[in-house]
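There are 2 protein chains.
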Amino acid sequence: MEHFPAPLENLVEQFARLPGIGGKSAQRLAFYVLGLPLEDARAFADAILDAKRSVTCCPVCRNFTAGGLCPICASPKRDHSTICVVADPRDVAAIERSREYNGLYHVLHGVISPMNHIGPDDLDIKSLIERVAAGGISEVIMATNPDTEGEATAMYLARLLKPFDVRITRLAYGIPVGGHLEFADDATLMRALEGRRDI
Amino acid sequence: MEHFPAPLENLVEQFARLPGIGGKSAQRLAFYVLGLPLEDARAFADAILDAKRSVTCCPVCRNFTAGGLCPICASPKRDHSTICVVADPRDVAAIERSREYNGLYHVLHGVISPMNHIGPDDLDIKSLIERVAAGGISEVIMATNPDTEGEATAMYLARLLKPFDVRITRLAYGIPVGGHLEFADDATLMRALEGRRDI
Numbered sequence: 005m006e007h008f009p010a011p012l013e014n015l016v017e018q019f020a021r022l023p024g025i026g027g028k029s030a031q032r033l034a035f036y037v038l039g040l041p042l043e044d045a046r047a048f049a050d051a052i053l054d055a056k057r058s059v060t061c062c063p064v065c066r067n068f069t070a071g072g073l074c075p076i077c078a079s080p081k082r083d084h085s086t087i088c089v090v091a092d093p094r095d096v097a098a099i100e101r102s103r104e105y106n107g108l109y110h111v112l113h114g115v116i117s118p119m120n121h122i123g124p125d126d127l128d129i130k131s132l133i134e135r136v137a138a139g140g141i142s143e144v145i146m147a148t149n150p151d152t153e154g155e156a157t158a159m160y161l162a163r164l165l166k167p168f169d170v171r172i173t174r175l176a177y178g179i180p181v182g183g184h185l186e187f188a189d190d191a192t193l194m195r196a197l198e199g200r201r202d203i
Numbered sequence: 005m006e007h008f009p010a011p012l013e014n015l016v017e018q019f020a021r022l023p024g025i026g027g028k029s030a031q032r033l034a035f036y037v038l039g040l041p042l043e044d045a046r047a048f049a050d051a052i053l054d055a056k057r058s059v060t061c062c063p064v065c066r067n068f069t070a071g072g073l074c075p076i077c078a079s080p081k082r083d084h085s086t087i088c089v090v091a092d093p094r095d096v097a098a099i100e101r102s103r104e105y106n107g108l109y110h111v112l113h114g115v116i117s118p119m120n121h122i123g124p125d126d127l128d129i130k131s132l133i134e135r136v137a138a139g140g141i142s143e144v145i146m147a148t149n150p151d152t153e154g155e156a157t158a159m160y161l162a163r164l165l166k167p168f169d170v171r172i173t174r175l176a177y178g179i180p181v182g183g184h185l186e187f188a189d190d191a192t193l194m195r196a197l198e199g200r201r202d203i
């Protein structure tokens, strides 16, 4: 089946390992990269190595950062008494885009998932407990995804944090803004009714 | 909008430049690569540079090769009097997979496409004419895609090769094997009827 030169086959295989990239897409991407000017291909390769080399996890919140304390943990303008717990650095980016939150974060880098053999020890949970135990925290907002695993992880953390004198909250459930009632699933509608507020 | 460290943003952008990769996919891929062990990320970067460095075009047929004459042009077992003209190295791979063809190839690296400002001079056409002019060729099979541009390119080449004493053929049109008549378009059905054969 080997009809391309070995270095090209190898590049196709490398692309095929990426999540969501099938065989045909991998070929398409490898051929595209082969057609790039040398400096563009080099920039791509350098970007991979550079990201691996210089992106680390913030020693406090475990969010990705380019070395040392992340800009959010380092900022005196943020409310250092509130921690928003998320599963993934992309969730930090999503919440930051809303411009509604001014506290700190804690990135778990995953959720508890027995199906995938991911237990509490595989996540950045110990560092969260230490942060709360060190004091100065008044509220921990559980912002894991509203699915079974996100929910279970939030409940697990809430139990762990119970001994400490902190308010533990969960993001509100409800109809997404701009969404249509008729397309909302039953569970979401039920939560939206439960969480109804006076206007 | 910059909520990731710069090297990570840069990697996301690099992925987003690839064809068919949108913003969300680019993020997913960049995060995946960041999560790889260092040696795997390095292997990916090396594969890009290695492919760019060592994959060249065969001086005869213009197919991709890892330096020098390609294995097909170099093989004494192939029929050196037949040339199959294709638009893309991937078409060579597709025809080789069929194990039905034993001649040589010529890769144009594109098709004539006035819409995309690709003229005959942008393709590897001159080298094809030179191969045929050098003699020893009895048949040239036009195997460009059966779409408007592939068709026009095949017709253009057929005209250029007319002065030479070679048979010029085109791949047969028809119903794809395993296909359903009811799903075949009118043009394909018409061609299939035109090209009907005795059984």
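Going down the list, the protein sequences come from chains A and E. Quick note, the first sequence lines up with residues 5 to 203 if you use the numbering used here. Quick note, the second sequence lines up with residues 5 to 203 if you use the numbering used here. Glycine included, each C-beta is placed from N, C-alpha and C at the ideal position.
Restricting to Cα atoms, I'd like to know which of I52/A, R101/A and L197/A is closest to E43/E. When the alpha-carbon of E43/E is set against those of I52/A, R101/A and L197/A, the nearest one is in I52/A.
What in chain E is Cβ-close to N3/A, meaning under 8 Å? What is shown of chain A runs 5 to 203, which leaves residue 3/A out entirely.
Going by the DSSP bridge assignment, what does E143/A pair with across the sheet? Paired residue(s): T86/A and R171/A.
Within 9 Å (strictly less), CB to CB, does F187/A reach chain E? Not flagged as an interface residue toward chain E: F187/A, since no C-beta distance is shorter than 9 Å.
Distance cutoff 9 Å, beta carbons only. Does G24/E sit that close to anything in chain A? True, the Cβ-Cβ gap to chain A drops below 9 Å.
Can you tell me the Cα-Cα spacing of H84/A and I145/A, whole angstroms? Cα-Cα distance, rounded: 13 Å.
Length at least 3, wholly inside the segment 40-105 of chain A: the beta strand (DSSP E) runs in chain order: If we require 3 residues or more, the beta strand (DSSP E) runs fully inside the segment 40-105 of chain A come out as 83-90.
Comparing C-alpha positions only, which one of P80/A, K81/A, A55/A and R82/A sits nearest to T69/A? Comparing Cα-Cα distances from T69/A to each of P80/A, K81/A, A55/A and R82/A, the minimum goes to A55/A.
Indicate whether the contact test is met: 3 or more Cβ pairs, each with one atom in the segment 78-95 of chain A and one in the segment 137-155 of chain A, closer than 8 Å. Because the criterion of three Cβ pairs below 8 Å is met, the segment 78-95 of chain A and the segment 137-155 of chain A touch.
Using a Cβ cut-off of 9 Å (strictly closer), state whether E104/A contacts chain E. Not one chain E Cβ lies under 9 Å of E104/A.
Is I133/A helix, strand or coil by DSSP? Per DSSP, reduced to three states, the secondary structure at I133/A is helical.
Please go through the segment 146-200 of chain E and give each complete beta strand (DSSP E) segment of 3 or more residues, from N-terminal end onward. DSSP runs (the beta strand (DSSP E)) wholly in the segment 146-200 of chain E: 171-174.
Nearest to M194/A by alpha carbon, out of I179/A, D202/A, A78/A and G183/A? Among I179/A, D202/A, A78/A and G183/A, the Cα nearest to that of M194/A is on I179/A.
Rounded straight-line distance, which links the Cα of P167/A to that of A20/E: Between A20/E and P167/A, the alpha-carbon positions lie close to 46 Å from each other.
Checking contacts by CB at 9 Å: is D92/E closer than that to chain A? Closer than 9 Å: yes.
In this structure, what does DSSP give as the bridge partners for V111/A? V111/A is bridged by DSSP to V90/A.
Would Q18/A pass as an interface residue toward chain E - the criterion being a Cβ-Cβ separation below 9 Å? Output row for Q18/A: interface = yes.
Is A78/E buried or exposed, if buried means 16 or more other CB atoms sit within 10 Å of its CB? Counting every other CB atom within 10 Å of its CB across the protein chains shown gives A78/E a total below 16, marking it as exposed.
Rounded to whole angstroms, what is the Cα-Cα separation between D126/A and P9/E? If you take the alpha carbons of D126/A and P9/E, they lie about 24 Å apart.
For V64/A, which residues of its own chain have a beta-carbon under 6 Å away from its beta-carbon, when the five flanking residues on both sides are left out? Excluding sequence neighbours, V64/A sits near C77.
What separation, rounded to the nearest whole angstrom, lies between the Cα atoms of P75/A and P23/E? Going by the C-alpha atoms only, they are around 33 Å apart.
Anything in the segment 141-153 of chain A with a Cβ closer than 9 Å to a Cβ of chain E? List those residues in chain order, please. Against chain E - using a Cβ distance shorter than 9 Å - the segment 141-153 of chain A contributes no residues.
Using a Cβ cut-off of 9 Å (strictly closer), state whether S117/A contacts chain E. For S117/A, the answer is no, since every Cβ of chain E falls outside 9 Å of its Cβ.
Am I right that L175/E and A147/E are in contact with their C-beta atoms under 8 Å? What's the rounded C-beta distance? Beta-carbon to beta-carbon, L175/E and A147/E are separated by about 5 Å, close enough to satisfy the 8 Å threshold.
Own chain partners of L40/A with C-beta closer than 8 Å, once the 5 adjacent residues on each side are dropped: So the qualifying residues of the chain are F48.
Check whether the segment 87-97 of chain E and the segment 108-124 of chain E touch, using three or more Cβ-Cβ pairs below 8 Å as the test. With three or more CB-CB distances shorter than 8 Å, the segment 87-97 of chain E counts as touching the segment 108-124 of chain E.
Going by beta-carbon coordinates alone, are G12/E and V59/A separated by less than 9 Å? In the sequence as displayed, the identity of residue 12/E is Leu instead of Gly. Yes. Within cutoff.
Looking only at its chain, what residues have a beta carbon closer than 8 Å to the beta carbon of A137/E, apart from the 5 residues adjacent to it on each side? Within the same chain, A137/E has close Cβ partners F168.
Taking C-beta pairs closer than 7 Å, name the residues in chain A that P11/E reaches, listed in chain order. Near P11/E (Cβ distances below 7 Å), the residues of chain A are D54, A55, S58, V59 and A70.
Counting only beta-carbon separations shorter than 9 Å, does L38/A have a partner in chain E? Chain E contact via Cβ: present.
Relative to the C-alpha of R94/E, which candidate in R171/A, G199/A, R201/A and F35/A has its C-alpha closest? The option with the nearest alpha carbon to R94/E is F35/A.
Grab me the residues of S117/A's own chain with a C-beta within less than 7 Å of its C-beta, minus the 5 sequence neighbours each way, in chain order. Counting only Cβ-Cβ distances below 7 Å, and skipping sequence neighbours, we find E153.
So with Cβ pairs under 9 Å, would you call M5/A a contact of chain E? Any reading at M5/A needs caution, since the residue's pLDDT is 40, under 50, leaving its predicted position unreliable; the model's value is listed next. Put simply, the CB of M5/A is near chain E, with a gap under 9 Å to one of its CB atoms.
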